[in-house]
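Count along the sequence shown from 1, add 38, and you get the number used in the numbering used here. Note that beta-carbon positions come from the ideal geometry of N, C-alpha and C, so glycine has one too. For reference, the structure discussed in these notes is given below.
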Amino acid sequence: MTARLPHTLRADALDNRERILDAARAVFAREGLDVPMREVARRAGVAPATLYRRFPTKEMLVTEAFAAQMYACRAVVDEGLADPDPWHGFCLVIEKMCELNARDGGFTAALTSRFPHAVDFEARREYALRSIAELARRAKEAGRLRPDFALDDVILVLMANSGIQASSPTGKITASRRFAALAIQAFHANPEASPLPPVARLTPPASVSSG
39 MTARLPHTLR ADALDNRERI LDAARAVFAR EGLDVPMREV ARRAGVAPAT
89 LYRRFPTKEM LVTEAFAAQM YACRAVVDEG LADPDPWHGF CLVIEKMCEL
139 NARDGGFTAA LTSRFPHAVD FEARREYALR SIAELARRAK EAGRLRPDFA
189 LDDVILVLMA NSGIQASSPT GKITASRRFA ALAIQAFHAN PEASPLPPVA
239 RLTPPASVSS G
């Protein structure tokens, strides 16, 4: 029995870690990165001491929670850079990053927040932003991207995209694709009235009192 105990403890520790990360991803996606660590612990069903033992700082928790999304982001920008048509590559990045954001709402908050002590995360974040800037430069030189485009416009699109509310996860992704298409048309140096993706049923905003 004692020979099996360490293995049991390791399994419990792994289970706690995954529950914490799942809870963190969910709560950060819904409520942003300002949620207290104790609230993450409560959602995960673990004691605060357990959370702090695994993740002593919020930076460590956020960077670990969104590690997979940062790798996915790198894959997207690398695919865009590899496209021989810079405008097509730029459009691909906007489309896929918006969809990635629609699937993991907290990802944009992580991408747009600075974590100076999380070296690996910061390096991946800076690589993604530099790559998008390089792709935009190429698209401008090709005469396809409007000359007054700035990298902050991509952040603006992602922040707006993260505010989409729909009646279902599928509806949110559908709405995100349409929003990305609208953004891409706005970014084009010579906008064309090309067909948009399907309309999604969106959650109506809260009613505003007239009085």
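Quiz item: Would you call L183 buried or exposed, if buried means 16 or more other Cβ atoms sit within 10 Å of its Cβ?
Solution: Position 145 of the sequence shown, counted from the start, is the residue given in the question as residue 183. Label assigned to L183: buried.
Quiz item: Is L138 near S169, with beta carbons less than 7 angstroms apart?
Solution: Taking the first residue of the sequence shown as 1, we reach residue 138 at position 100. Taking the first residue of the sequence shown as 1, we reach residue 169 at position 131. It is not a contact, given that the beta carbons lie outside the stated cut-off.
Exercise. My understanding is that L71 touches S200, with C-beta atoms under 8 angstroms, so please give their C-beta distance in whole angstroms.
Key: Indexing the sequence shown from 1 puts residue 71 at position 33. Indexing the sequence shown from 1 puts residue 200 at position 162. Not confirmed; about 12 angstroms, so no contact.
Quiz prompt | Distance, A188 Cα to P124 Cα | solution = For the purposes of this step, residue 124 is taken as the residue at position 86 of the sequence shown. For the purposes of this step, residue 188 is taken as the residue at position 150 of the sequence shown. Straight-line Cα distance between these residues: approximately 16 angstroms.
Self-check item: Validate contact between the region 52-66 and the region 102-111 using beta carbons, cut 8 angstroms, 3 pairs
Solution: yes
Quiz item: Under a Cβ-count criterion, where at least 16 other Cβ atoms within 10 Å of its own Cβ denotes burial, should R163 be classed as buried or exposed?
Solution: One-based indexing of the sequence shown puts residue 163 at position 125. Result: buried.
Quiz item: Helix, strand or coil: how does DSSP classify L119 here?
Solution: Start at 1 with the first residue of the sequence shown, and residue 119 comes out as number 81. If DSSP states are grouped into helix, strand and coil, L119 belongs with the helices.
Quiz item: Quick check: the region 212-221 against the region 166-181, are there 3 or more CB pairs under 8 angstroms?
Solution: Touching, no.
Quiz prompt | Host alpha helix (DSSP H) of S169 (start-end) | solution = If you number the sequence shown from 1, residue 169 lands on position 131. Its alpha helix (DSSP H) spans residues 157-179.
Quiz item: Rounded to a whole number of angstroms, what is the C-alpha to C-alpha distance between R55 and N228?
Solution: For the purposes of this step, residue 55 is taken as residue 17 along the sequence shown, with counting starting at 1. For the purposes of this step, residue 228 is taken as residue 190 along the sequence shown, with counting starting at 1. Rounded to whole angstroms, R55 to N228 spans 50 angstroms at the Cα level.
Quiz item: Between the C-alpha atoms of T146 and F217, what's the straight-line distance to the nearest angstrom?
Solution: Translated into positions along the sequence shown, residue 146 becomes position 108. Translated into positions along the sequence shown, residue 217 becomes position 179. A direct Cα-to-Cα measurement between T146 and F217 gives close to 16 angstroms.
Quiz item: If we ignore side chains and look at the alpha-carbon of each, how far apart do F128 and F159 end up?
Solution: Your numbering for residue 128 matches position 90 in the sequence shown. Your numbering for residue 159 matches position 121 in the sequence shown. The straight-line gap from Cα to Cα measures roughly 23 angstroms.
Practice problem: Could you check which residue in I202, P185, D186, L52 has the C-alpha nearest to that of R141? | Solution: For the purposes of this step, residue 141 is identified with residue 103 of the sequence shown, where counting begins at 1. Nearest of I202, P185, D186, L52 to R141, Cα basis: I202.
Practice problem: Can you say whether E117 is buried or exposed, counting buried as having 16 or more other CB atoms within 10 angstroms of its CB? | Solution: In the sequence shown, residue 117 corresponds to position 79, counting from 1. E117 is exposed by the Cβ-count criterion.
Quiz item: A161 to G181, Cα distance in whole Å?
Solution: Residue 161 sits at position 123 when you count from the first residue of the sequence shown. Residue 181 sits at position 143 when you count from the first residue of the sequence shown. The alpha-carbon atoms of A161 and G181 are separated by roughly 30 angstroms.
Quiz item: alpha helix (DSSP H) containing S214: first to last residue?
Solution: The count along the sequence shown starts at 1 and reaches residue 214 at position 176. Per DSSP, S214 belongs to the alpha helix (DSSP H) from 207-225.
Exercise. Report the rounded CA-to-CA distance for R42 versus L173, giving the unit in angstroms.
Key: As a first step, residue 42 is located in the sequence shown; it is residue number 4 there, counting from the start. As a first step, residue 173 is located in the sequence shown; it is residue number 135 there, counting from the start. Reliability fails at R42, whose pLDDT of 47 lies under 50, so the model's placement of it is uncertain and no value is given.
Quiz item: Is the CB-CB distance between A166 and V100 below 7 angstroms?
Solution: Taking the sequence shown and counting its residues from 1, the one referred to as residue 166 is at position 128. Taking the sequence shown and counting its residues from 1, the one referred to as residue 100 is at position 62. No. Outside cutoff.
Quiz item: Taking the C-alpha atoms as reference points, what is the distance between R92 and M108?
Solution: Indexing the sequence shown from 1 puts residue 92 at position 54. Indexing the sequence shown from 1 puts residue 108 at position 70. Those two C-alpha atoms are separated by around 21 angstroms.
Quiz item: Does the distance from the CB of V78 to the CB of A62 come in under 7 angstroms?
Solution: As a first step, residue 78 must be located in the sequence shown, where it is residue number 40. As a first step, residue 62 must be located in the sequence shown, where it is residue number 24. Inclusion of V78 and A62 in the CB contact set at 7 angstroms is warranted, their separation being smaller than that value.
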